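> Structure incoming, see below.
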């Protein structure tokens, strides 16, 4: 029997019992895996809380830098971080909506 999984799913499930993350990113398993592996490759010290990638409680500044990275590079699943991006000054609601609209236009 053979199973096919989306590329990021394996990364999301790897080290699933890691519970060090306090500031986490959301999305589906594929998006969380992509966020996790992309941030690791970019040099961030990302950890997990179950399958959720993120940062420990004492690393809020790094978490905010990672949010900005997701925003700047529009990493798969960036749109699931809307409230966190606005709350942490990465973008405004209007800028977020404009970027989301553009991403939808580019996709379709």
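Residue numbers (my numbering): 61 to 168. Where a beta carbon is used, it is the ideal one built from N, C-alpha and C, also for glycine. Note that the structure is predicted; figures quoted are calculated from it, not measured.
1) Measuring CB to CB, does residue 113 end up less than 7 Å from residue 156?
2) Look at the alpha carbon of residue 159 and the alpha carbon of residue 118, and state the distance between them as a whole number of angstroms.
3) Taking the beta carbon of residue 133 as the centre, do at least 16 other beta carbons fall within 10 Å, making it buried, or is it exposed?
4) Using only alpha-carbon positions, find the residue among 81, 126 and 161 that is nearest to residue 116.
5) Indicate the three-state DSSP secondary structure (helix, strand or coil) for residue 115 in the structure shown.
6) Report all residues from its chain with a CB closer than 7 Å to the CB of residue 131; omit the five preceding and five following residues, and keep chain order.
7) Using the Cβ count rule (16 or more neighbours within 10 Å means buried), how would you classify residue 93?
Answer, in terms of the structure:
1) No, these two residues do not count as a Cβ contact at 7 Å.
2) The straight-line gap from Cα to Cα measures roughly 30 Å.
3) Counting the other CB atoms within 10 Å of its CB gives residue 133 a total below 16, which places it among the exposed residues.
4) For the options 81, 126 and 161, the alpha carbon positioned closest to that of residue 116 is the one of 81.
5) In this structure, DSSP gives residue 115 an extended state, which the three-state scheme calls strand.
6) Hits under 7 Å: 138, 145, 150 and 151.
7) Burial call: buried.
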